[in-house]
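Quick note, the sequences are listed as chains A and B, same order. Counting along the first sequence from 1, when you hit position 289 you're at 289 in the UniProt record's numbering, and nothing is skipped either side. Counting along the second sequence from 1, when you hit position 81 you're at 81 in the UniProt record's numbering, and nothing is skipped either side. Everything on this sheet refers to the single structure shown next.
Protein chains: 2
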Amino acid sequence: MTDDPRLTPLAASLPPTVPFVGPEELERRRGAPFRARLGANESVFGPSPRAVAAMAEAAAESWKYGDSTSHDLRMALAVHHGVPPDSIIVGEGIDGLLGTLVRLVVGPGTPVVTSRGAYPTFNYHVAGFGGALHAIPFTADHEDPERLVAKAREVDARLVYFSNPDNPMGTWHDTATIARMRDALPRGSLLILDEAYADFAPSEAIPPMTPDDTRVIRMRTFSKAYGLAGARVGYAIGPAPLIAAFERVRNHFGMTRVSQVGAQAALQDQDWLASVTAQVAEGRARLGRIASDLGLSSIPSAANFVAIDCGGDGALARAVLEELGERGVFVRMPGVSPLDRCIRVSCGTPADLDIVEETLGPALAAAAARR
Amino acid sequence: MTDDPRLTPLAASLPPTVPFVGPEELERRRGAPFRARLGANESVFGPSPRAVAAMAEAAAESWKYGDSTSHDLRMALAVHHGVPPDSIIVGEGIDGLLGTLVRLVVGPGTPVVTSRGAYPTFNYHVAGFGGALHAIPFTADHEDPERLVAKAREVDARLVYFSNPDNPMGTWHDTATIARMRDALPRGSLLILDEAYADFAPSEAIPPMTPDDTRVIRMRTFSKAYGLAGARVGYAIGPAPLIAAFERVRNHFGMTRVSQVGAQAALQDQDWLASVTAQVAEGRARLGRIASDLGLSSIPSAANFVAIDCGGDGALARAVLEELGERGVFVRMPGVSPLDRCIRVSCGTPADLDIVEETLGPALAAAAARR
Numbered sequence: 001m002t003d004d005p006r007l008t009p010l011a012a013s014l015p016p017t018v019p020f021v022g023p024e025e026l027e028r029r030r031g032a033p034f035r036a037r038l039g040a041n042e043s044v045f046g047p048s049p050r051a052v053a054a055m056a057e058a059a060a061e062s063w064k065y066g067d068s069t070s071h072d073l074r075m076a077l078a079v080h081h082g083v084p085p086d087s088i089i090v091g092e093g094i095d096g097l098l099g100t101l102v103r104l105v106v107g108p109g110t111p112v113v114t115s116r117g118a119y120p121t122f123n124y125h126v127a128g129f130g131g132a133l134h135a136i137p138f139t140a141d142h143e144d145p146e147r148l149v150a151k152a153r154e155v156d157a158r159l160v161y162f163s164n165p166d167n168p169m170g171t172w173h174d175t176a177t178i179a180r181m182r183d184a185l186p187r188g189s190l191l192i193l194d195e196a197y198a199d200f201a202p203s204e205a206i207p208p209m210t211p212d213d214t215r216v217i218r219m220r221t222f223s224k225a226y227g228l229a230g231a232r233v234g235y236a237i238g239p240a241p242l243i244a245a246f247e248r249v250r251n252h253f254g255m256t257r258v259s260q261v262g263a264q265a266a267l268q269d270q271d272w273l274a275s276v277t278a279q280v281a282e283g284r285a286r287l288g289r290i291a292s293d294l295g296l297s298s299i300p301s302a303a304n305f306v307a308i309d310c311g312g313d314g315a316l317a318r319a320v321l322e323e324l325g326e327r328g329v330f331v332r333m334p335g336v337s338p339l340d341r342c343i344r345v346s347c348g349t350p351a352d353l354d355i356v357e358e359t360l361g362p363a364l365a366a367a368a369a370r371r
Numbered sequence: 001m002t003d004d005p006r007l008t009p010l011a012a013s014l015p016p017t018v019p020f021v022g023p024e025e026l027e028r029r030r031g032a033p034f035r036a037r038l039g040a041n042e043s044v045f046g047p048s049p050r051a052v053a054a055m056a057e058a059a060a061e062s063w064k065y066g067d068s069t070s071h072d073l074r075m076a077l078a079v080h081h082g083v084p085p086d087s088i089i090v091g092e093g094i095d096g097l098l099g100t101l102v103r104l105v106v107g108p109g110t111p112v113v114t115s116r117g118a119y120p121t122f123n124y125h126v127a128g129f130g131g132a133l134h135a136i137p138f139t140a141d142h143e144d145p146e147r148l149v150a151k152a153r154e155v156d157a158r159l160v161y162f163s164n165p166d167n168p169m170g171t172w173h174d175t176a177t178i179a180r181m182r183d184a185l186p187r188g189s190l191l192i193l194d195e196a197y198a199d200f201a202p203s204e205a206i207p208p209m210t211p212d213d214t215r216v217i218r219m220r221t222f223s224k225a226y227g228l229a230g231a232r233v234g235y236a237i238g239p240a241p242l243i244a245a246f247e248r249v250r251n252h253f254g255m256t257r258v259s260q261v262g263a264q265a266a267l268q269d270q271d272w273l274a275s276v277t278a279q280v281a282e283g284r285a286r287l288g289r290i291a292s293d294l295g296l297s298s299i300p301s302a303a304n305f306v307a308i309d310c311g312g313d314g315a316l317a318r319a320v321l322e323e324l325g326e327r328g329v330f331v332r333m334p335g336v337s338p339l340d341r342c343i344r345v346s347c348g349t350p351a352d353l354d355i356v357e358e359t360l361g362p363a364l365a366a367a368a369a370r371r
């Protein structure tokens with residue numbers, strides 16, 4: 001039996017592929033741990049020591065279910081962002097929140113617009129609910145607001161996904177551009193503004209919070225600058241009626257107690273956040289230098305990673321990625337042309353970047369020699 | 001605007017109610033913490049100290065996403081249960097796994113059978129995907145396998161939910177009864193055997209593991225006897241093709257790093273588990289005595305809670321529950337008649353049960369005086 005006959009037609013139609021193979025699985029396949037873990041845009045600088053201490057202390061309380069409303073964290077976020085608590089929903093990372101949002105809005109054939117090469121997990125959720133995904137190419141390594149809007153109008157999209165700064169290129173648009181995009185979308189369409197990397201971006205990239213605007217939902221996370229990817233804490237900010245609708249389908253007790261406490265402590269330590277983003281900025285600059293020293297260009301990034309142009313096509317970049325992997329360096333790369341001429345390297349510690357500096361040249365040479 | 005016009009018709013049709021209001025939310029409403037937290041069948045004895053230590057140590061590693069396959073935990077569970085790893089899926093509690101399973105099997109109108117008064121969160125998921133839920137009354141405070149089978153055959157049910165020991169009454173059936181039920185179900189139906197409370201039950205209640213049997217999926221959790229409700233770790237054991245189908249829709253990186261590590265350490269400490277189940281057995285006996293000392297009967301339980309018959313109807317039990325709440329004791333009660341003549345009290349520490357002993361008589365008297 002290759003499949004279960006009880007699956008719904010939709011479930012039976014879905015591919016068995018997963019959006020991302022995790023680094024632990026890759027390590028098991030290669031039979032050795034990576035020397036530098038720079039493929040998932042995690043924060044190698046770790047979470048705030050205050051968050052670590054709070055989580056360690058909360059571990060003994062794990063016999064209690066977490067607060068199903070993430071009340072204390074949500075109140076702290078409301079203060080932090082200056083928005084009403086009923087405009088915030090906390091969930092199991094942006095991945096989990098995107099899944100719930102897609103479930104609320106997308107059924108078979110529902111038109112959805114995103115960028116070609118943008119976040120695969122969003123596409124996975126849309127496919128998982130049978131939506132019709134329309135993907136617009138990047139333009140000059142940026143998501144293209146005008147073409148996204150045009151497609152949204154053409155297909156009367158219910159959801160339009162836009163990441164700013166974007167993943168996998170790290171480029172960004174300013175608030176005026178985002179406002180124009182929002183204003184030009186068709187009525188009845190919802191702009192998902194994925195701001196997972198907002199904490200690393202210049203202030204010109206971050207619109208003011210306007211949770212009453214029914215046209216936009218913002219996605220934020222503790223997985224990146226706050227260094228808590230493994231704790232699975234994301235949140236969405238949007239119009240209260242839409243946020244309330246999450247209650248109808250979400251896994252109410254899905255947030256762990258330790259994670260709620262950790263995120264709250266991390267939020268309180270803005271000094272740590274500032275220190276991390278400063279180190280990330282240094283890492284971006286150094287990755288640019290490592291690339292240029294090898295005669296390569298890199299894409300100016302507002303995120304905690306840098307896309308390095310390997311100077312060829314997707315096959316060459318794939319070979320570079322594989323050669324880096326054999327040298328113990330875990331990175332990823334964009335999935336579609338022409339973005340896939342690049343590899344995407346997370347901003348590591350100085351020690352991590354020493355390893356990148358030491359291995360990238362040989363990896364490039366070995367990749368070129370394969371041809 | 002009272003709703004978001006972009007919701008799917010199904011999402012728009014769902015009620016805003018949630019299956020459970022959590023104890024923290026109840027505490028906020030009453031304006032004071034509970035003295036005894038005995039409403040959610042959590043393990044007041046806590047997790048193994050080895051689990052706590054492992055979680056505290058893992059907190060600093062929370063910058064890394066958790067292993068998306070929960071590989072190490074899954075391997076340990078495979079050894080523990082003597083089943084192949086590909087018959088196990090780890091998820092965000094049984095709640096999360098039930099949601100994913102329902103999503104895989106249930107679409108609008110799909111027939112599903114459960115017991116009236118059984119786990120509300122399962123019903124919530126079925127409603128959330130538009131399934132047609134058929135609920136069979138308990139018989140003599142037990143789920144009724146024969147009537148469940150008869151209804152499953154009548155409606156050609158795709159899913160049949162059966163908890164053993166059951167919640168909210170704590171009663172159980174033996175393996176021969178479960179085997180008869182499984183054998184009598186219609187072809188194309190899947191038996192969900194929810195064994196959240198299996199660790200407290202007599203061995204006669206627990207069938208051997210037969211993961212190749214395509215008719216059954218078993219649900220287990222670290223939330224009850226292992227004392228990790230707040231860590232959200234459940235797992236399902238079933239036929240490999242069905243388990244593989246979870247990969248098509250689940251939130252792959254949804255398991256936190258701390259929780260995976262904690263569950264694995266908890267699993268290794270079977271002495272702690274034995275100590276907890278022994279204390280739970282003492283708690284059950286004492287709750288029975290507390291009830292009988294007040295002239296009340298209680299339902300013999302194979303779980304970590306006892307349903308105490310308040311000797312009247314649902315309104316009386318509801319009043320007793322409220323009076324206990326005013327006295328700082330958090331308990332819950334079944335939602336439907338005639339089960340709702342009872343309150344459901346989790347097995348607390350001796351100090352917790354001292355509080356129950358001290359407050360239950362006055363609460364009964366106050367409830368009776370309301371009439």
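C-beta: ideal position from N, C-alpha, C; glycine also.
For a quick check, are the C-beta atoms of Val216 of chain B and Arg182 of chain B less than 8 Å apart? For this step, residue 216 of chain B is matched to residue 216 along the second sequence. For this step, residue 182 of chain B is matched to residue 182 along the second sequence. Going by C-beta atoms, Val216 of chain B is nearer than 8 Å to Arg182 of chain B.
His173 of chain A burial status per 10 Å Cβ neighbour count (16 or more: buried): Stepping through the first sequence from its first residue, residue 173 of chain A is reached at position 173. Counting Cβ neighbours within 10 Å, His173 of chain A comes out buried, since at least 16 surround it.
So that I know if they touch, is there some Cβ in chain B lying closer than 8 Å to that of Leu148 of chain A? Within the first sequence, residue 148 of chain A is the residue found at index 148, counting from 1. With its beta carbon at least 8 Å from every one in chain B, Leu148 of chain A lies outside the interface.
Spatial neighbours of Lys64 of chain B within its chain, please: CB distance less than 7 Å, with the 5 preceding and 5 following residues excluded, ordered by chain position. For this step, residue 64 of chain B is matched to residue 64 along the second sequence. Cβ neighbours of Lys64 of chain B beyond the five flanking positions: Arg257.
Pick from A:Ala369, A:Lys151, A:Ser301 and A:Thr110: whose alpha carbon is nearest that of Val280 of chain A? Translated into positions along the first sequence, residue 280 of chain A becomes position 280. Nearest of A:Ala369, A:Lys151, A:Ser301 and A:Thr110 to Val280 of chain A, Cα basis: A:Ser301.
Just the C-alpha distance for Met1 of chain B and Ile206 of chain A, rounded to the nearest angstrom, thanks. As a working mapping, residue 1 of chain B is identified with position 1 in the second sequence. As a working mapping, residue 206 of chain A is identified with position 206 in the first sequence. Any reading at Met1 of chain B must be qualified, since the residue scores a pLDDT of 43, below 50, and its modelled position is unreliable; no value is offered.
Nearest-angstrom Cα separation, counted from Glu146 of chain A out to Asp340 of chain A: On the first sequence, position 340 is the one that residue 340 of chain A refers to. On the first sequence, position 146 is the one that residue 146 of chain A refers to. Between Asp340 of chain A and Glu146 of chain A, the C-alpha separation is close to 23 Å.
Indicate the three-state DSSP secondary structure (helix, strand or coil) for Leu185 of chain A in the structure shown. Position 185 of the first sequence, counted from the first residue, corresponds to residue 185 of chain A. Three-state result, Leu185 of chain A: coil.
Who are the neighbours of Arg232 of chain B on chain A, taking C-beta pairs under 8 Å? As a working note, residue 232 of chain B is residue 232 in the second sequence. In chain order: Gly66, Phe253, Gly254, Met255 and Thr256.
Simplified DSSP state of Thr139 of chain A, which is helix, strand or coil: Translated into the one-based positions of the first sequence, residue 139 of chain A becomes position 139. In the structure shown, Thr139 of chain A falls within a strand segment according to DSSP collapsed to helix, strand and coil.
For Thr171 of chain A, three-class secondary structure by DSSP: As a position in the first sequence, residue 171 of chain A is number 171, starting the count at 1. Three-state result, Thr171 of chain A: coil.
What's the gap between the Cα of Ala196 of chain B and the Cα of Phe162 of chain B? What you label residue 196 of chain B is simply residue 196 of the second sequence in a count that begins at 1. What you label residue 162 of chain B is simply residue 162 of the second sequence in a count that begins at 1. If you take the alpha carbons of Ala196 of chain B and Phe162 of chain B, they lie about 11 Å apart.
Alpha-carbon spacing of Leu73 of chain A relative to Ile237 of chain A, whole angstroms: As a first step, residue 73 of chain A must be located in the first sequence, where it is residue number 73. As a first step, residue 237 of chain A must be located in the first sequence, where it is residue number 237. Inter-residue distance for Leu73 of chain A and Ile237 of chain A is about 13 Å (C-alpha atoms, whole angstroms).
Could you tell me the boundaries of the beta strand (DSSP E) in which Asp72 of chain A lies? On the first sequence, residue 72 of chain A is found 72 positions in, with the first residue counted as 1. For Asp72 of chain A, no beta strand (DSSP E) segment is defined; the enclosing uninterrupted segment is the alpha helix (DSSP H) at His71 to His81.
If you measure beta-carbon to beta-carbon, which residues of the region 15-48 of chain A are closer than 9 Å to chain B? Listed by position along the chain: Pro15, Pro16, Thr17, Val18, Pro19, Phe20, Val21, Gly22, Pro23, Glu24, Glu25, Arg28, Arg37, Ala40, Glu42, Ser43, Val44, Phe45, Gly46 and Pro47.
With 16 other CB atoms within 10 Å as the buried threshold, where does Gln260 of chain A fall? Walking along the first sequence from the start, residue 260 of chain A turns up at place 260. Classification of Gln260 of chain A: buried, given that the 10 Å Cβ count is 16 or more.
Does the CB of Met1 of chain B have a neighbour CB from chain A at under 8 Å? Taking the second sequence and counting its residues from 1, one reaches residue 1 of chain B at position 1. Its pLDDT being 43, under 50, Met1 of chain B is placed unreliably by the model, and the measurement read from it follows with that caveat. At least one CB of chain A lies nearer than 8 Å to the CB of Met1 of chain B.
Residues of the region 70-87 of chain A with Cβ closer than 7 Å to any Cβ of chain B, in chain order: The region 70-87 of chain A vs chain B, Cβ under 7 Å: His71.
When B:Val155, B:Val149 and B:Leu38 are compared against Thr177 of chain B, the one with the closest alpha-carbon: By one-based count along the second sequence, residue 177 of chain B stands at place 177. Ranking B:Val155, B:Val149 and B:Leu38 by CA distance to the CA of Thr177 of chain B puts B:Val149 first.
What first and last residue would you give for the beta strand (DSSP E) that runs through Ala319 of chain A? Stepping through the first sequence from its first residue, residue 319 of chain A is reached at position 319. Where Ala319 of chain A is concerned, there is no enclosing beta strand (DSSP E), although the alpha helix (DSSP H) it sits in stretches over Gly314 to Glu326.
Going by alpha carbons, who is nearest to Leu273 of chain B out of B:Ala291, B:Ala225 and B:Ala244? The sequence position of residue 273 of chain B within the second sequence is 273, counting from 1. That would be B:Ala225, whose Cα lies nearest to the Cα of Leu273 of chain B.
Ile343 of chain A versus Ile192 of chain A - alpha carbon distance: Sequence index remark: in the first sequence, residue 343 of chain A carries index 343 (1-based). Sequence index remark: in the first sequence, residue 192 of chain A carries index 192 (1-based). Distance from the CA of Ile343 of chain A to the CA of Ile192 of chain A, rounded to the nearest whole angstrom, comes to 26 Å.
Write down the C-beta distance between Leu133 of chain B and Thr114 of chain B rounded to the nearest angstrom, noting that I regard them as a contact closer than 8 Å. Position 133 of the second sequence, counting from 1, holds the residue named residue 133 of chain B. Position 114 of the second sequence, counting from 1, holds the residue named residue 114 of chain B. A Cβ-Cβ separation of about 6 Å places Leu133 of chain B in contact with Thr114 of chain B under the 8 Å criterion.
Closest residue to Trp142 of chain B among B:Asn167, B:Met255, B:Gly227 and B:Gly39 (Cα-Cα distance): As a working mapping, residue 142 of chain B is identified with position 142 in the second sequence. One point to set straight first is that residue 142 of chain B is His, not Trp, in the sequence displayed. Out of B:Asn167, B:Met255, B:Gly227 and B:Gly39, B:Asn167 has the C-alpha closest to the C-alpha of His142 of chain B.
Ordered along the chain, which non-local residues of its own chain (more than five positions away) have a Cβ less than 6 Å from that of Arg220 of chain A? Position 220 of the first sequence, counted from the first residue, corresponds to residue 220 of chain A. Cβ within range, chain order: Glu195 and Tyr235.
In the DSSP output, what is His134 of chain A paired with across the bridge? Counting from one through the first sequence, the residue named residue 134 of chain A turns up at place 134. BP columns for His134 of chain A point to A:Val113.
Looking at the unbroken alpha helix (DSSP H) that takes in Met219 of chain B, where does it start and where does it end? Position 219 of the second sequence, counted from the first residue, corresponds to residue 219 of chain B. No alpha helix (DSSP H) contains Met219 of chain B, which is instead part of the beta strand (DSSP E) from Val216 to Thr221.
Roughly how many angstroms separate the alpha carbons of Ala278 of chain B and Pro334 of chain B, rounded to a whole number? Taking the first residue of the second sequence as position 1, residue 278 of chain B is located at position 278. Taking the first residue of the second sequence as position 1, residue 334 of chain B is located at position 334. Rounded to the nearest angstrom, the two C-alpha atoms are 25 Å apart.
Range of the contiguous beta strand (DSSP E) that encloses Val90 of chain B: On the second sequence, residue 90 of chain B is found 90 positions in, with the first residue counted as 1. Run containing Val90 of chain B: Ile88 to Gly91, per the beta strand (DSSP E) assignment.
Gly295 of chain B classed as buried or exposed, judged by whether at least 16 other C-beta atoms fall within 10 angstroms: Along the second sequence, read from residue 1 onward, the residue named residue 295 of chain B stands at position 295. Answer is exposed; the Cβ neighbour count stays below 16.
With burial defined as no fewer than 16 other Cβ atoms inside 10 Å of the residue's Cβ, what is the status of Gln270 of chain A: buried or exposed? On the first sequence, residue 270 of chain A is found 270 positions in, with the first residue counted as 1. That one is exposed.
Consider the Cβ of Met55 of chain A: report whether some Cβ of chain B lies at a distance smaller than 8 Å. Along the first sequence, one-based indexing puts residue 55 of chain A at 55. Yes - at least one Cβ of chain B is within 8 Å of the one on Met55 of chain A.
Val52 of chain A and Ala229 of chain B closer than 8 Å at C-beta: Along the first sequence, one-based indexing puts residue 52 of chain A at 52. Along the second sequence, one-based indexing puts residue 229 of chain B at 229. Going by C-beta atoms, Val52 of chain A is not nearer than 8 Å to Ala229 of chain B.
Under a CB-based cut-off of 8 Å, is Gly128 of chain A close to chain B? To locate residue 128 of chain A, count along the first sequence from 1; it is residue 128. In terms of beta-carbon proximity, Gly128 of chain A lines the interface with chain B, with at least one pair separated by less than 8 Å.
Distance between Asp67 of chain B and Gly22 of chain A (C-alpha atoms, nearest Å): In the first sequence, counting from the first residue as 1, residue 22 of chain A sits at position 22. In the second sequence, counting from the first residue as 1, residue 67 of chain B sits at position 67. Going by C-alpha positions, Gly22 of chain A is about 6 Å away from Asp67 of chain B.
Per the DSSP calculation, Gly234 of chain A is bridged to which residue(s)? On the first sequence, residue 234 of chain A is found 234 positions in, with the first residue counted as 1. DSSP output for Gly234 of chain A lists A:Gly91 and A:Thr221 as bridge partner(s).
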